[in-house]
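Have a look at the structure below, then the notes.
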Amino acid sequence: MDAQLLEIRDEVFRRNPGETEFHQAVNEVFESLVPLSARHPEYADAAILQRICEPERQIIFRVPWVDDAGKVQINRGFRVEFNSALGPYKGGLRFHPSVYLGIVKFLGFEQIFKNALTGMPIGGGKGGADFDPRGKSDAEVMRFCQSFMTELYRHIGEYTDVPAGDIGVGGREIGYLFGQYKRITNRYESGVLTGKGIGWGGSLVRPEATGYGAVLFAEEMLKTRGQSFDGQRVAVSGSGNVAINAIAKAQALGASVVTASDSGGYVVDEAGIDVELLRQIKEVERGRISEYAERRGASVSYVADGSVWDVDATVALPCATQNELNDKNAAKLLASGLVAVAEGANMPCTAEATAMFQEAGILFGPGKAANAGGVATSALEMQQNASRDAWSFEHTEERLTDIMVNIHESCAATAEEYGMPGNYVAGANIDGFKRVADAMLALGVI
Ligand code: NDP
Ligand code: 2IT
18 MDAQLLEIRD EVFRRNPGET EFHQAVNEVF ESLVPLSARH PEYADAAILQ
68 RICEPERQII FRVPWVDDAG KVQINRGFRV EFNSALGPYK GGLRFHPSVY
118 LGIVKFLGFE QIFKNALTGM PIGGGKGGAD FDPRGKSDAE VMRFCQSFMT
168 ELYRHIGEYT DVPAGDIGVG GREIGYLFGQ YKRITNRYES GVLTGKGIGW
218 GGSLVRPEAT GYGAVLFAEE MLKTRGQSFD GQRVAVSGSG NVAINAIAKA
268 QALGASVVTA SDSGGYVVDE AGIDVELLRQ IKEVERGRIS EYAERRGASV
318 SYVADGSVWD VDATVALPCA TQNELNDKNA AKLLASGLVA VAEGANMPCT
368 AEATAMFQEA GILFGPGKAA NAGGVATSAL EMQQNASRDA WSFEHTEERL
418 TDIMVNIHES CAATAEEYGM PGNYVAGANI DGFKRVADAM LALGVI
């Protein structure tokens, strides 16, 4: 990094103390921008970097609710409206006890560039709460969501800010959130949230989109080396929305997916993960991955507390959470014959692991490119809501496929243009940044 970039980066760190995940995300983007800033002094003249690192608006609010025992509970809610140069703020809500401002800001910052890469008219934002939906009754989740929306509603809207799901927020939560928004505003404003159910404004393919998209992106990377998913041995982490649909798509393309995990441990299924059983346990029963091993039988092993990345694989799809794959895991995977990694989660690989994959010359698809299929399909949901239409599964999946192929092509072309062929991290960061920076230049100092 040159002196100017370092100075701006250090000032961002200083202004946002203690937000380690945000610092990590900012540092990665800055490292990629070295060749761009040399070619485009106009960005520095307009302080684009400093402006892009400062959210347009940050909302932090109290979320009081009453649990089933009648006890008053308090959580903290967040919405960081990061950048609206390309469209309304767009990005998910995460409900997880680890949520604090640094997590929301790292996710919101990544979202700016990811959303730009989709080519859809969406800005970047993220939100959530330190609420843990695990172990809560449906009624408790509903009361929490209603209280959360009772504050959030005044900040969002189909032309302003459009939240969706992320960890801990799926169709059930979006339903309760949308219901409360509709009640408070007395408007059936479908486009205010995405990830809605089919039948009340949702889009087909949105539930599958992130996992499918990550696999489609990885398939495009593999093609550049004359390979495909067919015959690969795939390790997947997580067993939520992204993981399950990544497993399904990788299997459909001929891969053998041998793992899934949750925060309690992981399973190894040498016969290939039974996706329907996994869906039943995780999506219907809201159970644990250990139950998968119990029900699937003797061929499956369950390892409590270990790392899923100890399992040999040729393709790794981290689909759980940030910084879940470190340098030790990377070394182990590389030694086992790894050829590709695509990040289904946001920033699942540590900076050290990412650097090791790149030095080893394997294919590495960063989250802001590889997992962009989810938010891209959210934009397709907004498009259907705006035109009061509902597309078929086939048409919507075709649009998703085109978008993923385009993101792959533009990241590859940008990496090539800036002298780093095959470096999708540089390609995604430069291409995403440029799209937002050019719009910000055009819109003036705002
Ligand atoms: P889900 O809540 O559906 O699933 C999350 C999965 O990750 C669960 O298996 C969960 O296990 C595991 N997990 C979560 N936090 C931790 C943790 N701290 N340690 C270990 N395991 C953990 O979320 P999604 O599948 O939607 O999201 C997964 C990742 O994908 C996240 O990084 C998210 O930001 C990203 N993403 C999601 C998109 C979407 O459309 N949903 C779009 C793009 C990216 P457990 O149940 O034990 O907590
Ligand atoms: O990280 C992400 O891209 C998401 N959680 C999806 C965001 C969205 O608005 O669909």
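Heads up, the sequence shown is in my numbering, so the first residue is 18 and it goes up one at a time.
Here a beta-carbon is modelled for each residue, glycine too, at the ideal position from N, C-alpha and C.
Note that the structure is predicted; figures quoted are calculated from it, not measured.
In terms of residues, what are the limits of the alpha helix (DSSP H) holding residue i?
i                 : result
proline 58        : 58 to 62
phenylalanine 246 : Note, phenylalanine 246: premise wrong, no alpha helix (DSSP H); not H, not E.
alanine 269       : 258 to 269
valine 392        : 390 to 403
alanine 454       : 441 to 460
arginine 26       : 20 to 32
arginine 416      : 410 to 434
serine 164        : 155 to 169
arginine 68       : 65 to 69
leucine 134       : 118 to 134
Rounded to a whole number of angstroms, what is the C-alpha to C-alpha distance between residue i and residue j?
i                : j              : result
isoleucine 65    : aspartate 147  : 32 Å
asparagine 92    : glycine 142    : 20 Å
arginine 111     : glycine 382    : 23 Å
alanine 337      : serine 278     : 8 Å
arginine 74      : leucine 194    : 21 Å
leucine 294      : tyrosine 309   : 7 Å
alanine 260      : glutamine 128  : 19 Å
glutamine 244    : glycine 289    : 20 Å
isoleucine 191   : valine 332     : 32 Å
glutamine 197    : tryptophan 326 : 41 Å
leucine 169      : valine 97      : 11 Å
valine 158       : isoleucine 379 : 42 Å
aspartate 183    : arginine 68    : 26 Å
glycine 305      : serine 154     : Correcting the residue identity first, residue 305 is arginine in this sequence and not glycine. In a straight line, the C-alpha of arginine 305 is about 16 Å away from that of serine 154.
aspartate 419    : alanine 456    : 24 Å
serine 316       : serine 273     : 15 Å
leucine 22       : valine 46      : 11 Å
alanine 432      : valine 29      : 26 Å
glutamine 41     : asparagine 33  : 12 Å
aspartate 247    : glutamate 414  : 20 Å
glutamate 376    : proline 438    : 13 Å
phenylalanine 78 : glycine 187    : 21 Å
lysine 213       : lysine 199     : 13 Å
valine 51        : arginine 160   : 48 Å
proline 55       : lysine 451     : Here the sequence assigns alanine to residue 55, which means proline is not the residue at that position. Those two C-alpha atoms are separated by around 13 Å.
threonine 37     : glutamate 311  : 38 Å
glycine 109      : arginine 296   : 22 Å
isoleucine 139   : alanine 362    : 20 Å
Taking buried to mean at least 16 other C-beta atoms within 10 Å of its own C-beta, is residue i buried or exposed?
i              : result
proline 150    : buried
glutamate 341  : buried
lysine 107     : buried
lysine 122     : buried
tyrosine 205   : exposed
tyrosine 176   : exposed
asparagine 203 : exposed
alanine 443    : buried
glutamate 398  : buried
tryptophan 82  : buried
arginine 26    : buried
alanine 386    : buried
arginine 250   : buried
leucine 404    : Here residue 404 turns out to be serine, not leucine, going by the sequence shown. So serine 404 ends up on the exposed side.
glycine 216    : exposed
How far does the beta strand (DSSP E) with residue i in it extend, from its first residue to its last?
i              : result
leucine 334    : 332 to 335
glutamate 311  : Not the beta strand (DSSP E): glutamate 311 falls in the alpha helix (DSSP H), residues 306 to 313.
asparagine 100 : 89 to 100
alanine 146    : 141 to 146
tyrosine 283   : 282 to 286
arginine 296   : Where arginine 296 is concerned, there is no enclosing beta strand (DSSP E), although the alpha helix (DSSP H) it sits in stretches over 292 to 296.
threonine 276  : 276 to 279
valine 43      : No beta strand (DSSP E) contains valine 43, which is instead part of the alpha helix (DSSP H) from 37 to 49.
serine 318     : 317 to 321
valine 253     : 250 to 254
Would you say residue i reaches chain B, if we count a Cβ-Cβ gap shorter than 8 Å as a contact?
i           : result
glycine 142 : Among the chains in the structure shown there is no chain B, since it carries only a single protein chain.
What are the residues that DSSP puts in a beta bridge with residue i?
i                 : result
lysine 107        : Val179
glutamate 380     : Correcting the residue type first, residue 380 is leucine in the shown sequence and not glutamate. Leucine 380 is bridged to Ala357.
glutamine 75      : Val97
leucine 13        : Residue 13 falls outside the range modelled here, since the chain spans only 18 to 463, and no answer is possible.
phenylalanine 195 : In DSSP, phenylalanine 195 forms no bridge with anything.
valine 83         : Val89
phenylalanine 112 : Ala146
Cβ contact (3+ pairs, closer than 8 Å) linking the region 221 to 230 and the region 404 to 417: Contact between the region 221 to 230 and the region 404 to 417 is present, because at least three Cβ pairs lie under 8 Å.
Kindly confirm or deny that the region 233 to 253 and the region 354 to 367 touch, where touching means at least three C-beta pairs closer than 8 Å. Flag = yes, the region 233 to 253 and the region 354 to 367 touch.
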